[in-house]
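*Asks:* Numbering (the UniProt record's numbering), first residue to last: 1 to 78.
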Amino acid sequence: MYLAIQIVLVITSVLMSLFVLLHKGKGGGLSSLFGGGMQSNLSGSTVVEKNLDYVTIITAILWLASIVLLGLFQAFNW
1 MYLAIQIVLV ITSVLMSLFV LLHKGKGGGL SSLFGGGMQS NLSGSTVVEK
51 NLDYVTIITA ILWLASIVLL GLFQAFNW
């Protein structure tokens with residue numbers, strides 16, 4: 001169980017880094033490399049950007065939950 005949570009933590013950490021870099025910032029960020037920069041400038045907030053927000057939030061919740069669970073495992077020596 002402990003190993004599974006550690007694996008989830010590593011996977012969610014990598015995904016969080018990727019998703020945050022894909023978000024459109026003031027300069028466009030990496031999302032402009034994939035064509036998201038021009039389209040979002042023309043039409044405002046796109047469905048893709050909203051879905052990216054949703055997936056990022058879900059990934060952040062999983063990341064936080066795995067950190068809390070690993071802390072509980074260490075605190076109570078489970």
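Glycine is no exception: its CB is placed at the ideal position from the N, C-alpha and C atoms.
Is the separation between the beta-carbon of H23 and that of L62 shorter than 8 Å?
*Replies:* No, Cβ-Cβ distance for H23 and L62 is not below 8 Å.
*Asks:* Helix or strand or just coil, what does DSSP make of W63?
*Replies:* Of the three classes helix, strand and coil, the one that applies to W63 here is helix, per DSSP.
*Asks:* Quick check: what's the CA-CA separation for T59 versus L69?
*Replies:* Cα-Cα distance, rounded: 15 Å.
*Asks:* Starting from T46, follow the alpha helix (DSSP H) in both directions and report where the run begins and ends.
*Replies:* Careful: T46 lies outside any alpha helix (DSSP H) and carries neither H nor E.
*Asks:* With a Cβ-Cβ cutoff of 8 Å, do I57 and L9 count as a contact?
*Replies:* For I57 and L9, no; Cβs fall outside 8 Å.
*Asks:* Would you kindly check if the distance between the Cβ of F19 and the Cβ of V48 is under 8 Å?
*Replies:* Cβ distance not < 8 Å, so V48 and F19 don't count as in contact.
*Asks:* I'd like to check one pair, F73 with Y2: are the Cβ atoms closer than 8 Å?
*Replies:* Yes, Cβ-Cβ distance for Y2 and F73 is below 8 Å.
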